[in-house]
Amino acid sequence: MMKAEEMRKISNNYVSIKAEKQLEKFEKEIRLAAEDGKKSVIVYSSILQQVYVQLQNNGYAVEELPTGYNESAIKISW
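Under this note's numbering, read the sequence shown as residues 1 to 78, first letter to last.
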């Protein structure tokens, strides 16, 4: 059986990879919206806490929007 410490490392690594992919997705959406002259974008996705904080630290306003049952949407403004 694996030790708890090993499982924590695996979990933390997975979360880091997932956050990186989520940031790439949001960056693509932001870039496309900015190229269209927009000042915000709505992305239909959940958001990891560390991604939320990183976006705010980079000057973006991040707002979780109410949606239908079992859906998530994020408004990112700049």
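A virtual CB, placed ideally from N, CA and C, is assigned to each residue, including glycine. Here the structure is a predicted model, which is why all the values come from computation and not from measurement.
Straight-line Cα distance separating residue j from residue i
i, j, result
"E64", "L48", "11 Å"
"E29", "M1", "42 Å"
"E27", "K3", "37 Å"
"R82", "I74", "In the structure as shown, the chain starts at 1 and stops at 78, and residue 82 therefore has no counterpart that could be examined."
"I17", "L23", "10 Å"
"V15", "A34", "28 Å"
"S40", "L55", "13 Å"
Member of the options whose CA lies at the smallest distance from the CA of residue i
i, options, result
"S45", "M1, N70, N58", "N70"
Cβ neighbour criterion (16 or more within 10 Å) applied to residue i
i, result
"L32", "exposed"
"I10", "exposed"
"V53", "exposed"
Pair within 8 Å by beta-carbon distance, residue i and residue j
i, j, result
"V51", "I76", "no"
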